[in-house]
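J.: Mind looking over this structure? Questions follow.
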Amino acid sequence: MKIAFVVNDVNTEDPRYTTNRLAMAAKSMGHEAWFVGVGDFSYEPDGSLSAKARMGHAKNYRSLERHLDDVKKPDVEQLIGLEEFDVVMLRNDPADDAESAPWANNAGVAFGQLIASCGVLVVNDPTSLANALSKAYFQHFPEIVRPRTLISRDQALISSFIDDLGGKAVLKPLQGSGGSGVFLIDRKEGPNLNQIIEAISRDGYVVAQEYLPEAKNGDIRLFVMNGEPLQHEGKYAAFRRMNKTNDMRSNMSAGGEVAKATVTDTMLEMVEIVRPKLVSDGMFLVGLDIVGDKLMEINVFSPGGIGSAQALYDVNFAHVIIGELERKVRIRKYYSHIDNSRLATS
């Protein structure tokens, strides 16, 4: 199997990222695992698609660092026709390029759609990812699993909504991920609400969200594959993210720490509720961010943390994910015209 992992920029990849772990798992299972930057695609005059791709050429690597060091060597780069790949996994996060490379915001999904039209399996499904480029995608899921939310740029409306919530709310930009630009508002502490709204709305819409008291204990990241909780050997790919500081952001990129998580019946019920849309949208692998009995976010772009789950439970979830892609490639051999979004979650 020949797999391409699309990332923001090969040279800025971190060896600890989930993408590198998936690539190493694929190589250890006998597959070709190539890295492609979101700016490395070409649509040729004859209608063909190509990309500058890189792969470490050793059969086995003793460390994540050594593998990625080989991938980053300029002399391993090749121009490859994208129709040669069996799977293209879109692992770039558009939010990371929002300021430095705004042109890259939809490049991955745009080329992903073209690649899928060639008969290559693209996950997550690029057409659905195009619809998920903002946090507004989350509002398409049933209200019962979401905190009360207002999306607006109107200061008076946002202020009134926060008052309705008892004076405490979370404000964040409609675009973005990784905890960037997230504020906890508490009227009792007297923050300059208008200044915060102005700062966020300068770049677009503001998401005002009900604050959940359980958030002080962090959140839980639960991986979902094919609409089902990802598990192996009786262990769920899930972990609790915490922050020892007063910073409410518990995600790891904002300094959060991880610990084992207990996956409750309530969490499994939430997965059941969101499963139909995830499956319908061809969302092969996603990360659910859970606080109490609510979902704070559904991460459909490059959900991270597989390494944390593997370390906590001594289970190689990356192998399970690659094994599932192997199965889908076998299905494609017998059903060559199956729709990409259907195959992505079949």
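Anchor point for the sequence shown: position 189 equals 200 in the numbering used here, and the numbering is continuous, going up by one each time.
By construction, the Cβ of each residue, glycine as well, lies at the ideal position given by its N, Cα and C atoms.
#1: With DSSP as the reference, please indicate the residues paired to Y247 in a beta bridge.
#2: Assign E88 to one of three DSSP states: helix, strand, or coil.
#3: Give me whichever residues DSSP pairs with A180 in a beta bridge.
#4: Between which two residues does the beta strand (DSSP E) carrying T160 extend?
#5: Of all the beta strand (DSSP E) runs that stay within the bounds of the stretch 42-84, which reach a length of 3 or more residues?
#6: Round the Cβ separation of G67 and V82 to the nearest angstrom and send it over; I've been treating them as touching at under 8 Å.
#7: Ignoring anything shorter than 4 residues, give me the alpha helix (DSSP H) runs that lie fully in the stretch 261-327, in order along the chain.
#8: Grouping DSSP H, G and I as helix and E and B as strand, with all else coil, what is A106?
#9: For W100, list the residues DSSP reports as bridge partners.
#10: Flag this pair as touching only if the stretch 29-49 and the stretch 324-341 have three or more C-beta atom pairs under 8 Å; answer yes or no.
#11: Relative to the C-alpha of V218, which candidate in K344, M278 and I208 has its C-alpha closest?
#12: Give a yes or no on whether the C-beta atoms belonging to V21 and D57 are separated by under 9 Å.
#13: Taking the alpha carbon of K246 as the reference point, which residue from A118, S212, A322 and V134 has its own alpha carbon closest?
#14: Taking C-alpha atoms, which residue in A64, L204, Y54 and K38 lies nearest to V18?
#15: Of the residues A272, F96, K179 and P224, which one's Cα is nearest the Cα of L204?
#16: Once DSSP output is grouped into helix, strand and coil, what is the label at I349?
#17: Let me know the secondary structure DSSP gives F172 once reduced to three states.
#18: Among M236, Q206 and E95, which one has its Cα closest to the Cα of R286?
#19: Under 8 Å: do the stretch 68-81 and the stretch 132-146 share three or more Cβ pairs, one atom per stretch?
#20: Distance check for L185 and K146, CA to CA, integer angstroms please.
#21: Under the three-state reduction of DSSP, which class applies to R252: helix, strand or coil?
#22: Within the same chain, show all residues whose beta-carbon is closer than 6 Å to that of A320, passing over the 5 residues directly before and after it, in chain order.
#23: Relative to the alpha-carbon of M100, which residue among D350, F312 and S347 has its alpha-carbon at the smallest distance?
#24: Roughly how many angstroms separate the alpha carbons of D174 and I196, rounded to a whole number?
#25: In angstroms, rounded to a whole number, what distance separates the CA positions of P291 and L132?
#26: Restricting to Cα atoms, I'd like to know which of L233, P105 and F122 is closest to A115.
#27: Skipping 5 residues on each side, what residues in its chain have a beta carbon closer than 7 Å to that of T277?
#28: Please look up how many angstroms separate the CB atoms of N103 and G92, rounded, as I've assumed it's under 8 Å.
#29: Of the residues V134, M12, K38 and Q124, which one's Cα is nearest the Cα of T356?
#30: State yes or no: is the beta carbon of T23 nearer than 9 Å to at least one beta carbon in chain D?
#31: So, at 7 Å on beta carbons, what are the nonlocal neighbours of I126 in its own chain, with the 5 sequence-adjacent residues on each side left out?
#32: Taking the alpha-carbon positions, what's the V340 to L241 distance?
#33: Could you check how far apart the C-beta atoms of P26 and E76 are, in whole angstroms? I think they sit under 8 Å.
#34: For P158, count neighbouring C-beta atoms within 10 Å of its own C-beta (all shown protein chains included) and say buried if the count is 16 or more, exposed if not.
#35: Sort out for me which residues DSSP pairs R232 with in a bridge.
T.: Straight from the coordinates:
#1: Q242
#2: coil
#3: I196 and E221
#4: T160 to S163
#5: 43-54 and 60-65
#6: 5 Å
#7: 276-291 and 317-324
#8: helix
#9: It is Met, not Trp, that sits at residue 100 in the sequence shown. Its beta-bridge partners are F16 and V134.
#10: yes
#11: I208
#12: no
#13: A322
#14: A64
#15: K179
#16: coil
#17: helix
#18: M236
#19: no
#20: 5 Å
#21: strand
#22: A248, F250 and F328
#23: F312
#24: 11 Å
#25: The question names Pro, yet the displayed sequence has Ser at residue 291. Roughly 16 Å between the two C-alpha positions.
#26: P105
#27: D304
#28: No, N103 and G92 are not in contact; Cβ-Cβ is about 20 Å, not under 8 Å.
#29: V134
#30: Absent from the structure is chain D; it holds one protein chain and no more.
#31: L60, L93, V99 and V133
#32: 19 Å
#33: 5 Å
#34: buried
#35: F250 and D300
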